[in-house]
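In the working numbering, each residue's number is its place in the sequence shown (first place is 1) plus 453. From the three backbone atoms N, C-alpha and C, an ideal C-beta is built for every residue, glycine too. Quick caveat: nothing in here was measured; it's all calculated off a predicted structure. Below you'll find the structure, written out as structure tokens, and then a few comments.
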Amino acid sequence: MKLCTLLFIVFVFLTSQSQQQAFAGESPWERHTIDDTSRGADGVRLADVNRDGWMDIATGWEQGGLTRVYLNPGPQKAKNKWPFVTTGKTASVEDAVFVDLDGDGAVDVVSCCEGNAQCVFVHWAPRNKQDYLEESKWHTEIIPASDKMTRWMFCMPMQVDQQGGIDLIVGSKGPNARIGWFEVPEEARDLNAYRWHTISSAGWIMSLRCVDMDADGDLDILTSDRKGPMRGCRWLENPGVTEDQKKSWPNHFIGCRDREVMFLTLADIDDDGLQDVLVAANSEKASQIVILRRLDARGQRWEPYLIPYPEQTGTAKAVIVGDINGDGRKDIVLSCENARAPKSGVMWLSRNDGVFEGSWQAHDISGPKGIKYDRLELLDLDRDGDPDVLACEESEAGKGLGLFWYENPHK
Numbered sequence: 454m455k456l457c458t459l460l461f462i463v464f465v466f467l468t469s470q471s472q473q474q475a476f477a478g479e480s481p482w483e484r485h486t487i488d489d490t491s492r493g494a495d496g497v498r499l500a501d502v503n504r505d506g507w508m509d510i511a512t513g514w515e516q517g518g519l520t521r522v523y524l525n526p527g528p529q530k531a532k533n534k535w536p537f538v539t540t541g542k543t544a545s546v547e548d549a550v551f552v553d554l555d556g557d558g559a560v561d562v563v564s565c566c567e568g569n570a571q572c573v574f575v576h577w578a579p580r581n582k583q584d585y586l587e588e589s590k591w592h593t594e595i596i597p598a599s600d601k602m603t604r605w606m607f608c609m610p611m612q613v614d615q616q617g618g619i620d621l622i623v624g625s626k627g628p629n630a631r632i633g634w635f636e637v638p639e640e641a642r643d644l645n646a647y648r649w650h651t652i653s654s655a656g657w658i659m660s661l662r663c664v665d666m667d668a669d670g671d672l673d674i675l676t677s678d679r680k681g682p683m684r685g686c687r688w689l690e691n692p693g694v695t696e697d698q699k700k701s702w703p704n705h706f707i708g709c710r711d712r713e714v715m716f717l718t719l720a721d722i723d724d725d726g727l728q729d730v731l732v733a734a735n736s737e738k739a740s741q742i743v744i745l746r747r748l749d750a751r752g753q754r755w756e757p758y759l760i761p762y763p764e765q766t767g768t769a770k771a772v773i774v775g776d777i778n779g780d781g782r783k784d785i786v787l788s789c790e791n792a793r794a795p796k797s798g799v800m801w802l803s804r805n806d807g808v809f810e811g812s813w814q815a816h817d818i819s820g821p822k823g824i825k826y827d828r829l830e831l832l833d834l835d836r837d838g839d840p841d842v843l844a845c846e847e848s849e850a851g852k853g854l855g856l857f858w859y860e861n862p863h864k
């Protein structure tokens, strides 16, 4: 066995052992349920839709076949169940995102559906803000160009061509997996006029982020692609406001082509002034957080660094970065699939040394409740000065724990 291979194995073993020891004996964080009345909560997306200073939530319920919006009641009532509205019925919904498509000031919702539905829905919000929680005042339509094209997985609103309304970047999984954008016309409510443009082939899109990856002043598309010949983390270079935007965009791989990548996040984890990419990933025998350390402002040079998942957890699903314990260092929060008891499905990693010193230690958040988690958000929902963890879970006891947040105990 080569010396470098032996050293790597020893490093992984020692890291996982230190994580395991730190994990033992810790109490889970208190969980506050926002909604648990449907089945298969699948994702959390945020926006302040009523402009009260509190972030609201859009969530699709995959097995329940519906999309809901939750209005944040503020820190005094955040531990209670939140007021919500069902914006529409959405079979096999995978993602729901806020966007004021028609520019009328009322924030609409776009839902992506996979399964046999294979369509993208627009849920038009009532123009009168007093009616926002009135289900009968919402109107749901399918974007005709999306119908039965592919299994739609994730959407990001983005003004692509600087014309008409805000456009929709959408990714999918097979059959016909792809990334592209719906060109939204000036009259955004004319869904028949939406035009689809494919900009990349794909396998199974997990994440989409609209971010200027090459510092040229326009937004590119960062993605994690889970399966097939395009799998890995990569970004698509915006060719600028020309007809080329309606064709394939130049593709740049940044790492993890040998792994099944799940949800990613952006953070300057090492405080060098450059945004790094962190992704939850699964290889044949293990799960890891992969830090793709950015080495240049143009997004061309990247260096991977692996942090093993603790042994008493499920398989990798999502990752997010924030200062959890108030020590001034960036910590990592991660979620899992396949986290059957006694395994934990959500935990956070702290460190005593540098990011790349191998000293990450695991701490419990969820305890053994919950099996299949999704993407995460960090929000100080009780306004006590530390970030809480917003999450959903879709499999516990056959229906899932629903939509909820874990209260950070550090303040």
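Original post:
What span of residues does the beta strand (DSSP E) with SER788 cover, start to end?
Top reply: Per DSSP, SER788 belongs to the beta strand (DSSP E) from 784-790.
Original post:
What are the boundary residues of the beta strand (DSSP E) that LYS770 is part of?
Top reply: Where LYS770 is concerned, the enclosing beta strand (DSSP E) stretches over 768-775.
Original post:
What first and last residue would you give for the beta strand (DSSP E) that runs through ILE674?
Top reply: Counting along the chain, the beta strand (DSSP E) containing ILE674 begins and ends at 673-678.
**OP:** Excluding the 5 residues preceding and the 5 following SER599 in the sequence, name in chain order all residues of the same chain whose CB lies nearer than 6 Å to its CB.
**Re:** Here the set comprises CYS572 and VAL573.
Original post:
How far does the beta strand (DSSP E) with VAL575 in it reach, from first residue to last?
Top reply: Segment 572-577, the beta strand (DSSP E) holding VAL575.
Original post:
What's the C-alpha gap between LYS699 and GLU636?
Top reply: Distance between the alpha carbons of LYS699 and GLU636 is about 9 Å.
Original post:
Contact check, TRP858 vs HIS485 under 8 Å by CB: the rounded distance?
Top reply: Going by Cβ atoms, the distance from TRP858 to HIS485 rounds to 5 Å, so yes, they are a contact pair.
Subject >> Presumed contact (8 Å Cβ cut-off) between LEU524 and TRP535, rounded CB distance >> reply: The C-beta separation of LEU524 from TRP535 comes to about 6 Å, placing the pair in contact by the 8 Å criterion.
Original post:
What residue from ASP711, ASP505, LEU719 and LYS796 has the CA that sits closest to ASP665's CA?
Top reply: That would be LEU719, whose Cα lies nearest to the Cα of ASP665.
Original post:
Quick one: what does DSSP say VAL730 is sitting in, helix, strand or coil?
Top reply: In this structure, VAL730 counts as strand in the three-state DSSP scheme.
Original post:
Rounded to whole angstroms, how far is the Cβ of LEU802 from the Cβ of ASP780, which I believe are closer than 8 Å?
Top reply: The Cβ separation is near 13 Å, so there is no contact.
Original post:
So, do the segment 709-729 and the segment 689-698 have three or more beta carbon pairs nearer to each other than 8 Å?
Top reply: Touching, no.
**OP:** Put ALA850 into one of helix, strand or coil per three-state DSSP.
**Re:** Residue state, collapsed to three classes: helix.
Subject >> Buried or exposed (CB count within 10 angstroms, at least 16 for buried), GLY775 >> reply: So GLY775 counts as buried.
Original post:
In three-state DSSP terms, what is ASP697?
Top reply: Here ASP697 sits in helix by DSSP.
Original post:
Excluding the five sequence neighbours on either side, which residues of its own chain have a C-beta within less than 6 Å of the C-beta of ILE596, listed in chain order?
Top reply: The residues VAL573, LEU644 and TYR647, in chain order, have a CB closer than 6 Å to that of ILE596 in the same chain once the five nearest residues on each side in sequence are set aside.
Original post:
For LYS825, is the classification buried or exposed, using 16 other Cβ atoms within 10 angstroms of its Cβ as the cut-off for buried?
Top reply: When all chains shown are included, LYS825 counts as buried.
Subject >> For ILE619 and GLN612, the rounded distance between their alpha carbons >> reply: Each residue's alpha carbon lies about 5 Å from the other.
Original post:
When you compare only the Cα positions, how much space is there between THR520 and ASP806?
Top reply: THR520 and ASP806 have their C-alpha atoms roughly 43 Å apart.
**OP:** Helix, strand or coil for GLN583, going by three-state DSSP, please let me know.
**Re:** Helix, per DSSP.
Subject >> Close beta carbons around CYS686, own chain, < 7 Å, minus the five adjacent residues each side >> reply: Around CYS686: SER677, ILE707, GLY708, CYS709, VAL714, LEU717, VAL730, VAL732 and LEU745.
Subject >> Reference ILE742; option with closest CA among PHE809, TRP688 and GLN616 >> reply: Closest by alpha carbon: PHE809.
Original post:
Under a three-way DSSP split, which group does PRO682 fall into?
Top reply: Three-state result, PRO682: coil.
Original post:
Could you check where the beta strand (DSSP E) with PHE607 kicks off and where it finishes?
Top reply: PHE607 -> beta strand (DSSP E) spans 604-611.
Original post:
Rounded C-beta distance between VAL538 and CYS608? I'm assuming under 8 Å.
Top reply: Their Cβ separation, rounded to whole angstroms, is 20 Å, which puts VAL538 and CYS608 out of contact at 8 Å.
Original post:
First and last residue of the beta strand (DSSP E) that includes GLY513?
Top reply: According to the DSSP assignment, GLY513 belongs to the beta strand (DSSP E) that extends over 509-514.
**OP:** Would you mind working out which of LEU759, ARG754, GLU737 and GLY798 sits nearest GLN886, comparing C-alpha positions?
**Re:** No information on residue 886 is available, as it lies outside the stretch 454 to 864 that the chain covers here.
**OP:** Leaving aside the five residues before and after ALA544 along the sequence, list all residues of the same chain whose C-beta is less than 8 Å from its C-beta, in chain order.
**Re:** The answer, listed in chain order, is GLY518, CYS566, GLY568, ASN569 and ALA570.
Original post:
Less than 7 Å separating the beta-carbons of GLY624 and ASP827?
Top reply: Using a Cβ distance threshold of 7 Å, GLY624 and ASP827 do not count as a contacting pair.
Original post:
To which residues of the same chain is GLY853 closer than 7 Å at the C-beta, ignoring the five residues directly before and after it?
Top reply: Around GLY853: ARG492, GLY493, ALA494, GLU846 and GLU847.
Original post:
Between TRP649 and GLY633, which are expected to be in contact by the criterion C-beta below 8 Å, what is the C-beta distance as a whole number of angstroms?
Top reply: Distance from TRP649 to GLY633 at the Cβ level is roughly 6 Å; contact confirmed, criterion being Cβ atoms closer than 8 Å.
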